[in-house]
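Each protein sequence line maps, in turn, to chains Y and L.
According to numbering that gives the first Met the number 0, the first sequence holds residues 0 to 251 in order.
According to numbering that gives the first Met the number 0, the second sequence holds residues 0 to 453 in order.
Each remark here refers to the structure printed beneath this line.
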Amino acid sequence: MQAPRSAAVAETGQLGGRGNAAAVGDSSNDTKTHFRVCRFIIETGVKLGMRSVPVATACALYHKFFQTASLEVYEPYLVAMSCIYLAGKVEEQHLRTRDIINVCHRYFHPGRDPLQLDSKFWELRDSVVQCELLILRQLNFQVSFEHPHKYLLHYLLSVRCLLNRHAWSRTPIAETAWALLKDSYHGPVCVQHRPQHLALTALYLALHTYGVQVPRGEREWWQVLCEDVTRTQIEDIMTELLQLYDMEAKCT
Amino acid sequence: MDRDLLRQSVSYHGPSLFSLLKCEQSENPDFKQVVADLSKSVNQSDKDDDSPVVEQFIARKADLLFAPSWKSTTLVEEEWQEDLREPYAIMPPLEQFMEVSYEERRELFYRDVERGDLVIGRITSIRDFGFFVNLLCTAGDFERDIEDLEITGLCPVRDVPSTGNHDDPLSYYQIGDLIRAGVKDIDRYHEKLTISLYSSSLAPNLDRIKLGVISKEDLPLHYIRGEKVGSGNSDAYERLLDSSPGFSNPANVDVLLRKLGINDTRSPSLMRGLQSKHFIEDDFATAIRKKQSASWALKCVKAGVDHFKSGRHVDAMNEYNKALEIDTNNVEALVARGALYATKGSLMKAIDDFELALESCPTHRNAKKYLCQTLVERGGQLEEEEKLVTAEGLYKRAIALDDTFQEADEALQKLQMRIQVNKKIKTKTQTYFKLQLSFSRISGRKLFLCSSFL
Numbered sequence: 000m001q002a003p004r005s006a007a008v009a010e011t012g013q014l015g016g017r018g019n020a021a022a023v024g025d026s027s028n029d030t031k032t033h034f035r036v037c038r039f040i041i042e043t044g045v046k047l048g049m050r051s052v053p054v055a056t057a058c059a060l061y062h063k064f065f066q067t068a069s070l071e072v073y074e075p076y077l078v079a080m081s082c083i084y085l086a087g088k089v090e091e092q093h094l095r096t097r098d099i100i101n102v103c104h105r106y107f108h109p110g111r112d113p114l115q116l117d118s119k120f121w122e123l124r125d126s127v128v129q130c131e132l133l134i135l136r137q138l139n140f141q142v143s144f145e146h147p148h149k150y151l152l153h154y155l156l157s158v159r160c161l162l163n164r165h166a167w168s169r170t171p172i173a174e175t176a177w178a179l180l181k182d183s184y185h186g187p188v189c190v191q192h193r194p195q196h197l198a199l200t201a202l203y204l205a206l207h208t209y210g211v212q213v214p215r216g217e218r219e220w221w222q223v224l225c226e227d228v229t230r231t232q233i234e235d236i237m238t239e240l241l242q243l244y245d246m247e248a249k250c251t
Numbered sequence: 000m001d002r003d004l005l006r007q008s009v010s011y012h013g014p015s016l017f018s019l020l021k022c023e024q025s026e027n028p029d030f031k032q033v034v035a036d037l038s039k040s041v042n043q044s045d046k047d048d049d050s051p052v053v054e055q056f057i058a059r060k061a062d063l064l065f066a067p068s069w070k071s072t073t074l075v076e077e078e079w080q081e082d083l084r085e086p087y088a089i090m091p092p093l094e095q096f097m098e099v100s101y102e103e104r105r106e107l108f109y110r111d112v113e114r115g116d117l118v119i120g121r122i123t124s125i126r127d128f129g130f131f132v133n134l135l136c137t138a139g140d141f142e143r144d145i146e147d148l149e150i151t152g153l154c155p156v157r158d159v160p161s162t163g164n165h166d167d168p169l170s171y172y173q174i175g176d177l178i179r180a181g182v183k184d185i186d187r188y189h190e191k192l193t194i195s196l197y198s199s200s201l202a203p204n205l206d207r208i209k210l211g212v213i214s215k216e217d218l219p220l221h222y223i224r225g226e227k228v229g230s231g232n233s234d235a236y237e238r239l240l241d242s243s244p245g246f247s248n249p250a251n252v253d254v255l256l257r258k259l260g261i262n263d264t265r266s267p268s269l270m271r272g273l274q275s276k277h278f279i280e281d282d283f284a285t286a287i288r289k290k291q292s293a294s295w296a297l298k299c300v301k302a303g304v305d306h307f308k309s310g311r312h313v314d315a316m317n318e319y320n321k322a323l324e325i326d327t328n329n330v331e332a333l334v335a336r337g338a339l340y341a342t343k344g345s346l347m348k349a350i351d352d353f354e355l356a357l358e359s360c361p362t363h364r365n366a367k368k369y370l371c372q373t374l375v376e377r378g379g380q381l382e383e384e385e386k387l388v389t390a391e392g393l394y395k396r397a398i399a400l401d402d403t404f405q406e407a408d409e410a411l412q413k414l415q416m417r418i419q420v421n422k423k424i425k426t427k428t429q430t431y432f433k434l435q436l437s438f439s440r441i442s443g444r445k446l447f448l449c450s451s452f453l
């Protein structure tokens, strides 16, 4: 079963033309599109009250899908909506298609009244559900991911023990690391590295930002948390992560 | 902006960060307030390598990173307890894996230990003024690797609770006993620790924990796990983490978020476009759904009213019920259904619907009007059943709703007169019977004489 772009676009046509991908095959344009769509996913996640892990799954599904699929064939915003729906199921935070459609409709048509229960609504709903099956097949039904979130939280607990409790409570290490991790889902970096490495990088960057001095031993704290990573690797991931913030300026 | 945090960051990264900050945050009034202060703490950086990319990031996002509102974790001040069910992986102290040196660990311990902390150790000697304990580990949230640091604590005899009988309280204890105690006092300079077995010495979130002699099973999990970790295995932490049952718990993310005080659904981001001020409440799923449900329900109500006007009462009821399923307590649907109930004679159901409608919308004209009419009608029914007091209540409610509703007024007055009359008859009858009773105590002949007077 194929969902050729034209049909999908016709159905989501009412979703409007915000960010209708140029899809000229230009990779920098593609990167920008993917950034915008991930932003769309994360924003929608906030409005749906989704927890961080399901949002992460939705973005990961999206990135993985477009690793093998082309923007010329599939409408990215429809794929995004279906990824959100699928992620809700995978991560046990079930979302109603009605809510997803409502939020997305308003994203593309700000200020408009909510959709009526008419044929347009049912068509949209059918598209989302059909696209979900498409995504499953494209990903060979491998939709569960090991996310960096639980690693980061355990690492935070371990590092917290190392520091003086007052230094910990006045320095926003946890929230910065968590924010960095969540923001990393704007780009494919989230599916290109091991979850431990991503978690470590987020924590490393957070500590580095505030100039926190961590005690030293025979081994560095980050070498202990993840044995096979080198400082260069951490710095590379950090650079990729920080580039996403630069991307924001170019895309929005 | 948090001056101390900024100062710490700038002294760590050095003058390069400071100049970047001045460049990126030049428009920021909060930064201007601190920049003079900051320039005094700029000297050669503490760190060993340059990271221009990171410094650029810090400079650009400084208004977020150093804002007082960024520190959003909420400190969880609930009772600490060792969760033996292990909802997340409990790991030995990181110090142990890092193989931090003896001197450094000792220094850090004495720097960071505070009054009210929990410690566990073994008794090494008992004197008449108290006993000495060699610390094995810490407990509570303060986890350090101190077993080999030879840290001793003294528990003076006055901090040992008596065991009830008037024996010397110290006689209860023996060398080698495992003791759990609270840190009462610290002399950081001389590296001396005083501990106590009284719960009052503990911090408030720890004070439920039992102090005194404990057994090996009561040792904290992080210590027990730590014992099993051999030295020299560079991936020991990873392997231990992955094999812990708590690590596979699907709910561990939520538990840890709560423990660390991070709010998951509204946690902050460093992306400009995702700042909370950009989100409008009306765009959220719940708000849209509410509006949409009300709109869908209204369509059903309109269809229902059409049915009603054409006499198709069953269809009308179906539409109203459908509307209420879509949007519970939808005011229009309730009023319409109430009117239908009233028409069909189910007055109590009608009254319930109208009252519910008025709860959400106290100024709804039709709801008020219909309710008043129905109340009066029902009052009339009740009067015929001789339930006068209940009827009075209904009339009063109707007047309370709409004091211009004449019918209610008249009905109430009529009813009240009727109640008065009833009362008079009642009292007369009561007096008659009372007299009867009192006469029965007098002799029969006198009764005959008296009763002939009535």
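Backbone N, C-alpha and C define an ideal beta-carbon position, used for all residues, glycine too.
What you are looking at is a predicted structure, and each value in this text was computed from that prediction instead of being measured.
Quick check on residue i: does DSSP put it in helix, strand or coil?
i: D184 of chain L; result: strand
i: K191 of chain L; result: strand
i: S10 of chain L; result: helix
i: L70 of chain Y; result: coil
i: V212 of chain L; result: strand
i: L4 of chain L; result: helix
i: L202 of chain Y; result: helix
i: I172 of chain Y; result: helix
i: V23 of chain Y; result: Here V23 of chain Y scores only 46 on pLDDT, less than 50, and its place in the model should not be relied on; the value that follows carries that caveat. V23 of chain Y: coil per DSSP, three-state reduction.
i: R179 of chain L; result: strand
i: L434 of chain L; result: helix
i: P91 of chain L; result: coil
For residue i and chain Y, any beta-carbon pair shorter than 8 Å?
i: Q274 of chain L; result: no
i: R110 of chain L; result: yes
i: R288 of chain L; result: yes
i: W79 of chain L; result: no
i: V228 of chain L; result: no
i: R271 of chain L; result: yes
Less than 8 Å between the CB atoms is what I'm expecting for residue i and residue j, so what's the real figure, rounded?
i: G337 of chain L; j: D352 of chain L; result: 4 Å
i: L220 of chain L; j: I89 of chain L; result: 5 Å
i: E146 of chain L; j: C154 of chain L; result: With a Cβ gap of about 19 Å, E146 of chain L and C154 of chain L do not count as contacting.
i: S8 of chain L; j: E174 of chain Y; result: 15 Å between Cβ atoms; not a contact.
i: T373 of chain L; j: L346 of chain L; result: 6 Å
i: Y73 of chain Y; j: V36 of chain Y; result: Not quite, the Cβ-Cβ distance comes to about 11 Å (not below 8 Å), so this is no contact.
i: V102 of chain Y; j: A293 of chain L; result: Not quite, the Cβ-Cβ distance comes to about 17 Å (not below 8 Å), so this is no contact.
i: Y244 of chain Y; j: L199 of chain Y; result: In fact, because the Cβ distance is near 19 Å, the residues do not count as touching under 8 Å.
Shortest alpha-carbon distance to residue i belongs to which of the options?
i: N27 of chain L; options: L:Q55, L:K60 and L:S8; result: L:K60
i: P171 of chain Y; options: Y:I236, Y:L70, Y:L204 and Y:F144; result: Y:L204
i: D36 of chain L; options: L:M0, L:P51, L:M316 and L:L64; result: L:M0
i: R114 of chain L; options: L:N133, L:L63, L:R187 and L:R143; result: L:R187
i: I119 of chain L; options: L:D281, L:Y109, L:R207 and L:V132; result: L:V132
i: Q129 of chain Y; options: Y:H196, Y:Y244, Y:H108 and Y:M80; result: Y:M80
i: P203 of chain L; options: L:K227, L:D402, L:Q80 and L:Q415; result: L:Q80
i: A59 of chain Y; options: Y:L47, Y:L70, Y:L85 and Y:V45; result: Y:L85
i: N262 of chain L; options: Y:K181, Y:C189 and Y:H185; result: Y:K181
i: L151 of chain Y; options: L:S247, L:I213 and L:L255; result: L:L255
i: N421 of chain L; options: L:L63, L:E385, L:Q435 and L:L148; result: L:E385
Measuring only from the beta carbon, is residue i closer than 7 Å to any heavy atom that is part of the ligand COA?
i: N262 of chain L; result: Summarising the ligand content, the structure contains no ligands, and the ligand COA is consequently not present.
Please check if any C-beta of chain L sits within less than 8 Å of the C-beta of residue i.
i: R35 of chain Y; result: no
i: A57 of chain Y; result: no
i: I83 of chain Y; result: no
i: E145 of chain Y; result: no
i: R4 of chain Y; result: Residue confidence for R4 of chain Y is low, a pLDDT of 42 falling below 50, so the modelled location carries little weight and cannot support an answer.
i: K149 of chain Y; result: yes
i: W177 of chain Y; result: yes
i: D29 of chain Y; result: no
i: G87 of chain Y; result: no
i: T238 of chain Y; result: yes
i: V8 of chain Y; result: Its pLDDT being 40, under 50, V8 of chain Y is placed unreliably in this model, and the coordinates cannot settle the point.
i: K181 of chain Y; result: yes
List the endpoints of the continuous beta strand (DSSP E) containing residue i.
i: F130 of chain L; result: G129 to A138
i: L117 of chain L; result: L117 to I125
i: P28 of chain L; result: Looking at the DSSP string, P28 of chain L is not in any beta strand (DSSP E); the run it does join, the alpha helix (DSSP H), is P28 to S38.
i: T151 of chain L; result: T151 to P155
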